[in-house]
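This report concerns only the one structure given below.
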Amino acid sequence: MTDSSNLANLLALFAIIPLCAAGGSLLIPRFQLLPRLHTHSLAALLAGIVNLILALWLMARTVQGTNLVLHVGGHHGPFGIVLVADVFSALLLLLTAVIYLGTVPFAIDVLDQRDRMGFYPLSLFLLMGVNGTFLAGDLFNLYVFFEILVITSFVLVTLGGQRDQIRGGLRFVVLNLLGSMVFLGAVAVAYGTLGTLNFAHIAVLLRQPNLPAWLVPMMAGLLFVAFAGKSALFPLHFWLPCSYHTTHPVVNALFGGLLTKVGLYSLFRLFPLLFPEQLAAWQPAFLALAGASMVVGTLGGLSGDTLRRALSFQIVSHIGFIFAGLALAGTRNGVLAVGLAPAILYLAHHMVVKTAVLMAGGAVELELQTGRVVPGPDGGSGGLLAHRQWLAIWFFLTALSLAGIPPFSGFTGKLGLLLLMISMEQWLLLAVAVLSSFVTLYMIMRLWQGAFWGAPPPVRNTDGPAAAPTRLGPGFGMLTLTPIAVLVGCSLLMGVFGESAWSVANQAAATLTDVEAYIDSVALAGHLADASH
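Under my numbering, the first residue of the sequence shown is numbered 1, with each subsequent residue one higher.
Here you go:
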């Protein structure tokens with residue numbers, strides 16, 4: 001069922017609210033109504049709360065089988081701007097809202113006054129870009145929201161102005177701009193040959209006979225390269241470990257939960273919709289990339305010389321797990337929802353838990369004023385357990401979920417993926433996934449031991465990109481630990497109520513594989529038929 005009534009106009013608020021909050025936080029201080037610092041943090045907090053309420057409302061609507069479609073300005077496709085919300089996009093919007101609202105108190109606690117001035121408006125622009133990506137119904141607006149993300153992220157990477165942050169930011173922006181150029185090339189090919197950029201219209205036109213033989217492989221290849229780069233999938237992952245660990249811990253946590261997920265979302269949205277045959281034909285190559293991502297991310301995490309560098313490398317490994325689900329879903333008989341469901345569940349788990357573990361890891365670095373906690377000659381024996389017991393507990397619990405230990409959400413999603421590999425008889429990929437999981441558990445326990453075990457060392461000065469810009473303030477107990485605890489609680493709920501989580505994941509997977517329903521939900525059947533002639 002599709003809802004194109006006035007309620008669909010609320011979809012625009014997912015972009016309007018962060019935009020207005022960011023602009024207001026910059027303009028209101030000029031009138032001296034509130035102190036600038038209070039205005040910035042208050043705007044981010046209020047926008048985050050409203051965004052969460054909207055996301056909860058949207059999730060409640062879509063799980064009932066109602067897709068919301070907004071034709072901006074009343075102009076229908078294929079040339080009008082269309083925003084589309086189904087269960088899959090609503091789920092990611094809800095997780096985004098939870099993650100963003102969780103990082104705001106963390107930022108209030110640990111950012112110094114200078115960095116706070118830039119973080120809150122930029123984070124709101126980032127939120128607008130992420131929300132817009134999950135709602136875009138055409139390639140052009142998807143590209144626009146991607147560019148908002150790239151520009152905002154570059155400034156956030158360099159927040160603080162340290163040399164290593166500038167170096168990491170340059171690598172980040174150069175490699176992401178190259179991906180944007182490839183994406184723009186795909187947009188040009190689509191519009192130049194098909195005359196449209198609307199997802200549903202492209203899906204209809206690609207079914208026509210007498211298309212150039214090179215068109216579908218070229219479009220699929222260009223879009224895959226662009227989105228795989230945004231997702232940090234091997235071998236296009238190298239920008240992530242070069243830049244993430246140099247950022248401020250608040251930025252690192254926000255990026256870890258959100259940034260790579262827009263690329264994964266685009267792959268999950270477009271390949272089942274536009275290129276199901278290519279998903280099946282390229283399955284061996286996709287599975288190889290997924291396995292390589294697991295191996296590279298795991299080995300990179302083991303070799304990471306600082307806590308947040310090791311945790312950032314682990315993102316690449318988990319991207320491999322999620323992408324494996326998409327690759328396994330591609331068959332000659334079409335895209336299987338049963339393959340996408342565990343990947344979607346693991347994606348939801350990773351967004352929540354990775355944010356929590358990076359927040360906990362950032363708190364450790366800020367407290368110790370160093371990231372070198374790996375046991376060895378140059379690190380370890382952080383001794384935080386003596387006076388940061390709650391931080392030790394939450395870090396430990398996020399580690400268990402990240403490694404896939406029950407009853408947390410990591411176990412539910414990972415078990416589904418492993419069972420899928422068994423049913424598909426992908427034994428090599430299964431062995432890589434299981435080994436990667438055990439190594440992840442070993443790595444995260446080693447980091448926990450180095451950070452919390454032993455006698456507390458004397459306070460040290462900075463030692464490179466992982467060094468802390470500031471000590472934790474007196475509000476550490478509430479404003480830092482509470483968001484971590486909430487995210488851990490979300491992971492636990494997804495694990496304990498696994499049946500409900502699976503139900504939502506299956507429903508989201510079904511919306512991705514039902515191409516006809518998507519075209520109908522966009523309410524373009526008549527318009528597309530006319531535009532195709």
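Note that the Cβ used here is the ideal one computed from N, Cα and C, for glycine as well.
Exercise. Which residue's Cα is closest to the Cα of residue 383: 485, 367, 397 and 398?
Worked result: 367
Problem set entry | Nearest to residue 360 (by Cα), restricted to the options 308, 284, 130 and 244 | Closest by alpha carbon: 308.
Exercise. Which residue comes first and which comes last in the beta strand (DSSP E) that contains residue 83?
Worked result: 82-85
Exercise. Within this structure, are the beta carbons of residue 98 and residue 156 separated by less than 8 angstroms?
Worked result: no
Problem set entry | Helix, strand or coil at residue 67 [DSSP, three-state] | DSSP places residue 67 in strand when its eight states are reduced to three.
For this session: Jot down the residue ranges of each uninterrupted alpha helix (DSSP H) in the region 279-325, minimum 4 residues, whole runs only, in chain order.
Result: Taking only runs of at least 4 residues, the alpha helix (DSSP H) segments lying wholly in the region 279-325 are 283-303.
Problem set entry | Cα-Cα separation, residue 520 to residue 261 | 26 angstroms
Exercise. In or out: residue 500 buried (at least 16 other Cβ within 10 Å) or exposed?
Worked result: exposed
For this session: Compute the Euclidean distance between the alpha carbons of residue 215 and residue 80, then round it to the nearest angstrom.
Result: 24 angstroms
For this session: Check whether the Cβ of residue 289 sits closer than 7 angstroms to any heavy atom of the ligand FAD, and report yes or no.
Result: Looking at this structure, you won't find the ligand FAD or any other ligand, since it has none at all.
Exercise. Since residue 508 and residue 91 are thought to touch, with beta carbons under 8 angstroms apart, how far apart are those beta carbons, to the nearest angstrom?
Worked result: 6 angstroms
Problem set entry | Neighbourhood of residue 133 by C-beta distance below 6 angstroms, restricted to the same chain and skipping five residues each side | 145 and 262
For this session: Determine the burial state of residue 278: buried for a count of at least 16 other Cβ atoms within 10 Å of its Cβ, exposed for fewer.
Result: buried
Exercise. From the DSSP output, which residues share a beta bridge with residue 549?
Worked result: Because the chain here runs from 1 to 533, residue 549 falls outside it and cannot be looked at.
Exercise. Where does residue 356 land, buried or exposed, given buried means 16+ other C-beta within 10 angstroms?
Worked result: buried
Exercise. Cα separation between residue 140 and residue 55?
Worked result: 24 angstroms
Problem set entry | residue 488 - containing alpha helix (DSSP H), residue span | Here the alpha helix (DSSP H) through residue 488 covers 481-496.
Exercise. Considering only residues of the same chain and omitting the five flanking positions on each side of residue 474, which have a CB-CB separation below 8 angstroms?
Worked result: With a pLDDT of only 40 at residue 474, under 50, the local geometry of the prediction cannot be trusted, and no value is derived from it.
Exercise. Straight-line CA distance for residue 167 to residue 46?
Worked result: Their backbone Cα atoms lie some 34 angstroms apart in a straight line.
Problem set entry | Continuous alpha helix (DSSP H) stretch holding residue 394: start and end | Residue 394: member of the alpha helix (DSSP H) spanning 389-403, first to last residue.
Problem set entry | Which residues DSSP lists as bridging residue 185, in chain order | Paired residue(s): none; residue 185 is not in a bridge.
Exercise. Are the beta-carbon atoms of residue 408 and residue 419 separated by less than 8 angstroms?
Worked result: no
Exercise. Does DSSP classify residue 468 as helix, strand or coil?
Worked result: Interpretation of residue 468 is limited by its pLDDT of 40, a score under 50 that renders its predicted location unreliable; the figure taken from the coordinates is listed afterwards. Three-state result, residue 468: coil.
For this session: Closer than 6 angstroms by C-beta to residue 193: which residues in its own chain qualify, once you throw out the five before and the five after it? Chain order, please.
Result: Taking C-beta separations shorter than 6 angstroms and ignoring five residues to either side along the sequence, the partners of residue 193 in its chain run 215, following chain order.
Problem set entry | Spatial neighbours of residue 470 in its chain, beta-carbon cut-off 6 angstroms, leaving aside the 5 residues before and after | Residue placement at residue 470 cannot be trusted, given a pLDDT of 41 that sits under 50; what the coordinates show is reported in the next sentence. Contacts found: 112.
Exercise. Would the beta-carbon of residue 93 fall within 8 angstroms of that of residue 126?
Worked result: no
For this session: Taking only the alpha-carbon atoms, compute the straight-line gap between residue 105 and residue 483 and give it to the nearest angstrom.
Result: 7 angstroms
Exercise. Would a C-beta distance cut-off of 8 angstroms place residue 319 and residue 264 closer than the cut-off?
Worked result: yes
For this session: For the region 238-253 and the region 167-176, state whether three or more C-beta atom pairs, one from each stretch, are separated by less than 8 angstroms.
Result: Verdict: yes, contact present.
For this session: For residue 160, name the three-state secondary structure that DSSP assigns.
Result: coil
Exercise. On the three-pair Cβ rule with 8 angstroms, is the region 53-69 touching the region 19-28?
Worked result: no
Problem set entry | residue 122 versus residue 16: straight-line alpha-carbon distance, rounded | 15 angstroms
Exercise. Skipping 5 residues on each side, what residues in its chain have a beta carbon closer than 8 angstroms to that of residue 428?
Worked result: 291
Exercise. What is the residue span of the alpha helix (DSSP H) that residue 247 lies within?
Worked result: Residue 247 -> no alpha helix (DSSP H), and no H or E assigned at all.
Exercise. Buried or exposed: where does residue 274 fall if 16 or more other Cβ atoms within 10 Å of its Cβ makes it buried?
Worked result: buried
Exercise. Can you tell me the Cα-Cα spacing of residue 466 and residue 178, whole angstroms?
Worked result: Annotation note: pLDDT 43 at residue 466 (below 50); position unreliable, no value reported.
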